[in-house]
Amino acid sequence: MISVTPLSLLYLVPTAVVYFMIQPHYLHACRQMRRLDNLARAPVLNQAAEIRLGAQVIVTFNQVDTFRDRVRDVIDDHIRVWAPYVMLNPWLTLRLQLLSSVLQLLSASLLLWLNTSPSTLGLAMNFLIQITSNLNSFVQMRATLEADITSAERVWSYAANVPESQRAEEQRPAPSWPDMPVINFESYSASYAAGGVPCLRDLSFSIAAGEHVAVVGRTGAGKSSLSLALLRALEQGDSYNGRITIDGLDISKICLADLRNRITFLPQEPFVFAGTIRHNLDFAGTETDERLQEALSACQMSRFFNLEPAQNLLDYPVSDSG
């Protein structure tokens, strides 16, 4: 179009400038609304997963109406955020189309006022329509990209967090620790965030070595918080007293990496990663083949595989989720 007439610059440059002036107003609102939408959607998904896993318990204890009200509340909260977010795109589209129409009208009027030949006028208007259409698509795609990238932004924010520093008073436990893994909670209190509401308050109990203990409670009672407390994943500020000891050592004074390497959790639903049986049994690669085969035999898993020689069993491939 520029090769047809230098007058194209009269509307090409202002068009691009005005288009990019509109973007910041839309993008600022779109990013914030997308973040709110992601936050409001999480309770809906959590509630759906909780109902799916506990449907029989909900029906047995006649709590259908209670959970129906909960679902209605979280969906209403999500819609309050989702509806304005959805309306942002028509808001942008309307303004871009109005701007395109105004620019096309002004350009046509200018070319007619300059007595431009009909062929040149038609060609210029044709290219102007194409340019405004491409600018519309570019602005909307850029806006969509910035809105969608907020999900990745949340992941980056967690990845960019300052790693937990090793405190000067932390000590390295003996290689054999814990010999007698007696767990003691002594007036222990903690919260998920510094200065937040305590999720565990003034707990005191003891679990002997080899003892089997069941922790029972409703959702949010703090069952999973006990596990996180053993890993020092909770905040225990200066305002909270108490401590946790394992085999007589205060875990707040133990090197965090050593502490977490000595504690093993067995989830109700096992996680199987793509790779080999060896990789799933021994992520660190520190155990011998004999130890791994003994573990499989103890779990009565080796009888499901008829591979020769025996150590090939450890290299048996598995896919995601088994």
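Each residue of the sequence shown is one higher than the one before, starting from 1 at the first, in the UniProt record's numbering.
Ideal Cβ placement from N, Cα and C applies to all residues, glycine included.
Owing to the predicted nature of the structure, the values given are computational and were not obtained by experimental measurement.
Item, Value
"Contact check, residue 260 vs residue 314, beta carbons under 9 Å", "no"
"Whether residue 111 touches residue 125 by CB criterion (9 Å)", "yes"
"For residue 245, the first and last residue of its enclosing beta strand (DSSP E)", "243–246"
"Minimum C-alpha distance to residue 230 - residue among 256, 119, 85, 77", "256"
"Minimum C-alpha distance to residue 128 - residue among 141, 102, 143, 150", "102"
"Pairwise C-alpha distance: residue 76 and residue 58", "22 Å"
"Per-residue burial, residue 63 [other beta carbons within 10 Å of its own, 16 or more giving buried]", "exposed"
"Per-residue burial, residue 168 [other beta carbons within 10 Å of its own, 16 or more giving buried]", "Any reading at residue 168 is ruled out, since the residue's pLDDT is 47, under 50, leaving its predicted position unreliable."
"Supposed contact pair residue 275 and residue 318 - C-beta distance, whole angstroms, cut 8 Å", "7 Å"
"Helix, strand or coil at residue 211 [DSSP, three-state]", "coil"
"Option in 88, 232, 14 with minimal Cα separation from residue 33", "88"
"Nonlocal neighbours in the same chain, by C-beta distance under 8 Å from residue 244, ignoring five residues either side", "183, 184, 185, 186, 188, 229, 230, 250, 251, 252"
"Nearest-angstrom Cα separation, counted from residue 29 out to residue 242", "45 Å"
"Nearest-angstrom beta carbon gap, residue 139 and residue 98 [assumed within contact, 8 Å]", "13 Å between Cβ atoms; not a contact."
"Inter-residue spacing [alpha-carbon to alpha-carbon] between residue 18 and residue 44", "40 Å"
"Host beta strand (DSSP E) of residue 190 (start-end)", "183–191"
"Where the alpha helix (DSSP H) through residue 116 begins and ends", "Note, residue 116: premise wrong, no alpha helix (DSSP H); not H, not E."
"Local Cβ density within 10 Å of residue 299, reported as buried at 16 or more and exposed below that", "exposed"
"Nearest-angstrom Cα separation, counted from residue 197 out to residue 173", "32 Å"
"Three-state class that DSSP yields for residue 168 in the structure shown", "Annotation note: pLDDT 47 at residue 168 (below 50); position unreliable, coordinate value reported separately. Reduced to three states, the DSSP call for residue 168 is coil."
"With 16 other Cβ atoms within 10 Å as the buried cut-off, status of residue 225", "buried"
"Local conformation of residue 30 per DSSP, three classes", "helix"
"Residues that DSSP places opposite residue 206 in a beta bridge", "184"
"Same chain only: Cβ atoms within 7 Å of residue 340, ignoring 5 sequence neighbours per side", "Nothing about residue 340 can be read from this structure; the chain reaches only from 1 to 322."
"Within 9 Å, strictly: CB atoms of residue 246 and residue 178", "yes"
"Straight-line Cα distance separating residue 145 from residue 269", "36 Å"
"CB-CB length for residue 292 against residue 282, believed under 8 Å", "6 Å"
"Alpha helix (DSSP H) segment containing residue 57, residue limits", "55–60"
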